[in-house]
Amino acid sequence: MSGVRVLVGTRKGAFVLTSDGKRDRWGVEGPLFAGWEIYHLKGSPADPNRLYASQSSGWFGQLIQRSNNGGETWAPVGNQFVYDGVPGTHQWYDGTPHPWEFKRVWHLEPSLTDPETVYAGVEDAAMFRSTDGGLTWGELSGLRGHGSGPHWQPGAGGMCLHTIILDPSNPERIFIAISAAGAFRTDDGGVTWRPINQGLRSPHIPDPTAEVGHCVHHIAMHHSRPGVLFMQKHWDVMRSDNAGDSWHEVSGNLPTDFGFTIDVHAHEPETIYVVPIKSDGEHFPLDGQLRVYRSRTGGNEWEPLTKGLPQSDCYVNVLRDAMAVDSLDSCGIYFGTTGGQVYGSADAGDSWAPIVRDLPAVLSVEVQTLP
Amino acid sequence: MTSVVKIRVVLPAHLRTLAGISPQASDEVELDVEGQATQRSVLDALEARYPMLRGTLRDHVTRERRPFIRFFACEQDLSHESPDAALPHAVANGAEPFLIVGAIAGG
Chain D
10 MSGVRVLVGT
20 RKGAFVLTSD
30 GKRDRWGVEG
40 PLFAGWEIYH
50 LKGSPADPNR
60 LYASQSSGWF
70 GQLIQRSNNG
80 GETWAPVGNQ
90 FVYDGVPGTH
100 QWYDGTPHPW
110 EFKRVWHLEP
120 SLTDPETVYA
130 GVEDAAMFRS
140 TDGGLTWGEL
150 SGLRGHGSGP
160 HWQPGAGGMC
170 LHTIILDPSN
180 PERIFIAISA
190 AGAFRTDDGG
200 VTWRPINQGL
210 RSPHIPDPTA
220 EVGHCVHHIA
230 MHHSRPGVLF
240 MQKHWDVMRS
250 DNAGDSWHEV
260 SGNLPTDFGF
270 TIDVHAHEPE
280 TIYVVPIKSD
290 GEHFPLDGQL
300 RVYRSRTGGN
310 EWEPLTKGLP
320 QSDCYVNVLR
330 DAMAVDSLDS
340 CGIYFGTTGG
350 QVYGSADAGD
360 SWAPIVRDLP
370 AVLSVEVQTL
380 P
Chain P
19 MTSVVKIRVV
29 LPAHLRTLAG
39 ISPQASDEVE
49 LDVEGQATQR
59 SVLDALEARY
69 PMLRGTLRDH
79 VTRERRPFIR
89 FFACEQDLSH
99 ESPDAALPHA
109 VANGAEPFLI
119 VGAIAGG
């Protein structure tokens, strides 16, 4: 019988949640790498036994862990992330130049076809790639070297490259997003990049429609329609139908269009999910009610999903990489909170139940659908 | 012929785990250090024994101590000494350990 493996990164370690295809009884393993921040862990689509994890600490820096057996055992691989050439400067919070300094890996994106190839999005924002299973890393410096680099600035969480999307129809095309520079795309395998932020409007920057400077929180794509992208910006939920060349707002009837995470149903490319958060100053749900909103129309028309979720006194946040879907026939959806809950739905969001309630603050959630 | 000295080193708990040192093992690791015992020669020997610690104590490229790492020995803070300065005699002759400490900070 098929099953799922949910990979949870938290402030104090990683946890692996497993279930069969019914998804009503769960095993919980962890904490792995106890006491360390696990910003992200993800499995290879080409080999589900190959997992990568980003392990970091303010004391001891960055490590990358790799498993070749589905998480039974792990071993550290390469942790040397060195920017190409003279790193240069980006903008600091006050607008002054600030040197590029490596801090941590926010996101690991394994290749769709090769378990040995994996991409890393890092803070201060840059893209790295390993083609030897994480042993060595090289920067795709055309991104940071884009002429707009000196104008990029950090968001509240740092200047991080947090989203990497590989186009399943075109191995040369990759989408990434940086807080707070915006979205970028390469069409030549990472050699050259260009901003794809036309249509975004951010009133908190001097030129609200500037080419760069937008605080993009997350982007999602359905594998069957790689030209259609959905974005949760700082404020505004956005959609592009031309691979990011232009965007239009689809916030519609959401009660607030601030938020961090966004994802797409595994089988319905026009069904998308967000978790509205009250505001940039109050990072918790409106009215203490934790509600996932679902649109079956690719945006604009949204319905609240509340069954099984706390509808009073709930003041957690759901971070940008903390939602994922499985690809079983009845699509499962999972998200983690800063309060340490991981909620799951086995019916596309109609009803929810906590898988675990008391983990450390959840930073990321990924799902593997196992044969 | 280069002399070899035995240096006792105490690691933070997280790095003992990372290095795969058994919780039942001694609180100290003993390293063979060639030549003069300095911060650099001790850390070089430590990283040679436990390659997974590379980058966790000092920067890969600049070799500078990470900001939240401190080095103590013989009731002295050696964190700001030159990495090539001789360690205290009591460390070099094995009477006292070289302490690698994570700063008390965070939650």
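Chains D and P, in that order, give the protein sequences.
The numbering of the first sequence is the working numbering, which starts it at 10 and goes up by one.
The numbering of the second sequence is the working numbering, which starts it at 19 and goes up by one.
Positions of the beta carbon are idealized from the N, C-alpha and C atoms, including for glycine.
As the structure is a prediction and not an experimental result, all values here were calculated from the model.
Checklist line | Selection from D29/D, A333/D and F184/D that minimises the alpha carbon distance to R194/D | finding: F184/D
Next item on the list: Can you give me, in chain order, the residues of the region 70 to 84 of chain P that have a beta carbon less than 9 Å from any beta carbon in chain D?
Entry: The residues in question are M70, L71, R72, G73, T74, L75, D77, H78, V79 and R84.
Notebook entry, point to check: Taking just the CA atoms, how far does G191/D sit from G222/D?
Noted result: 6 Å
Notebook entry, point to check: In angstroms, rounded to a whole number, what distance separates the CA positions of G53/P and L64/P?
Noted result: About 15 Å.
Check: Is the shortest distance between the beta-carbon of G120/P and the beta-carbons of chain D less than 7 Å?
Finding: yes
Next item on the list: Would you decide whether A108/P is buried or exposed? Buried here means 16 or more other CB atoms lie within 10 Å of its CB.
Entry: exposed
Notebook entry, point to check: Where do the N-terminal and C-terminal ends of the beta strand (DSSP E) with E52/P fall, by residue?
Noted result: E46 to E52
Check: Does V91/D get closer than 7 Å to chain P when you measure Cβ to Cβ?
Finding: yes
Margin query: Using DSSP's beta-bridge definition, name the partner residues of H107/D.
Written below: H99/D
Next item on the list: Can you tell me which of H243/D, W244/D, D245/D and I228/D puts its alpha carbon nearest to the alpha carbon of V237/D?
Entry: I228/D
Margin query: Given this structure, state the Cα-to-Cα distance separating G79/D from L60/D, to the nearest angstrom.
Written below: Inter-residue distance for G79/D and L60/D is about 6 Å (C-alpha atoms, whole angstroms).
Check: Rounded to whole angstroms, how far is the Cβ of S11/D from the Cβ of P319/D, which I believe are closer than 8 Å?
Finding: Going by Cβ atoms, the distance from S11/D to P319/D rounds to 30 Å, so no, they are not a contact pair.
Checklist line | Own chain, CB closer than 6 Å to A362/D, minus 5 neighbours either side, in chain order | finding: The answer, listed in chain order, is G317.
Notebook entry, point to check: Can you list, in chain order, the residues of the region 60 to 76 of chain D whose Cβ is nearer than 8 Å to any Cβ on chain P?
Noted result: S66, G67, W68, F69, G70, Q71 and L72
Check: Under 7 Å between the Cβ atoms of S76/D and W83/D?
Finding: Going by C-beta atoms, S76/D is nearer than 7 Å to W83/D.
Notebook entry, point to check: Any idea what DSSP makes of V28/P, helix, strand or coil?
Noted result: strand
Next item on the list: My understanding is that V284/D touches G268/D, with C-beta atoms under 8 Å, so please give their C-beta distance in whole angstroms.
Entry: Confirmed, Cβ separation roughly 6 Å.
Margin query: Using only CA atoms, which one of M168/D, A370/D, G30/D and G52/D lies nearest to G345/D?
Written below: Ranking the options by Cα distance to G345/D, first place goes to A370/D.
Next item on the list: Answer yes or no: do V334/D and V351/D have a C-beta to C-beta separation smaller than 7 Å?
Entry: Not in contact: V334/D and V351/D (Cβ atoms no closer than 7 Å).
Next item on the list: Tell me, to the nearest whole angstrom, how far the beta carbon of K21/D is from that of L117/D; I am working on the premise that it is less than 8 Å.
Entry: Contact flag wrong, Cβ pair sits at about 19 Å.
Check: Would a C-beta distance cut-off of 7 Å place M70/P and L29/P closer than the cut-off?
Finding: no
Notebook entry, point to check: Using the C-alpha atoms, what's the distance from E132/D back to G167/D?
Noted result: 7 Å
Check: From the beta carbon of N78/D, is the nearest beta carbon of chain P less than 7 Å away?
Finding: no
Check: Taking one C-beta from the region 278 to 292 of chain D and one from the region 234 to 252 of chain D each time, how about it: are there three or more such pairs within less than 8 Å?
Finding: yes
Notebook entry, point to check: Which residues, in order along the region 28 to 51 of chain P, keep a beta-carbon less than 9 Å from a beta-carbon of chain D?
Noted result: P30, A31, H32, L33, T35 and L36
Next item on the list: Determine the DSSP secondary structure at R58/P, reduced to helix, strand or coil.
Entry: Correct three-state label for R58/P: helix.
Next item on the list: Counting only the same chain and skipping the five closest in sequence on each side, list residues whose C-beta sits under 8 Å from that of L144/D.
Entry: V86 and G87
Next item on the list: Spell out whether any CB of chain D is found under 7 Å from the CB atom of F86/P.
Entry: Closer than 7 Å to some Cβ of chain D, the Cβ of F86/P qualifies, so yes.
Next item on the list: Following the continuous alpha helix (DSSP H) through H107/P, name the residue where it begins and the one where it ends.
Entry: From DSSP, the alpha helix (DSSP H) with H107/P extends over H107 to A110.
Notebook entry, point to check: Do T201/D and R210/D have their C-beta atoms closer together than 7 Å?
Noted result: no
Check: For the putative contact between F86/P and G120/P, defined by C-beta atoms under 8 Å, what is the C-beta separation to the nearest angstrom?
Finding: 6 Å
Note to self: I'd like to know if P313/D contacts chain P, where contact means its C-beta is closer than 7 Å to some C-beta of that chain.
What the structure shows: no
Notebook entry, point to check: CA-CA distance, H49/D and S354/D?
Noted result: 21 Å
Next item on the list: Along the beta strand (DSSP E) that carries L170/D, what are the first and last residues, could you check?
Entry: C169 to L175
Check: Which term fits D266/D, buried or exposed, when burial requires 16 or more other beta carbons within 10 angstroms of its beta carbon?
Finding: buried
Item checked: DSSP-derived helix/strand/coil call for H226/D -> strand
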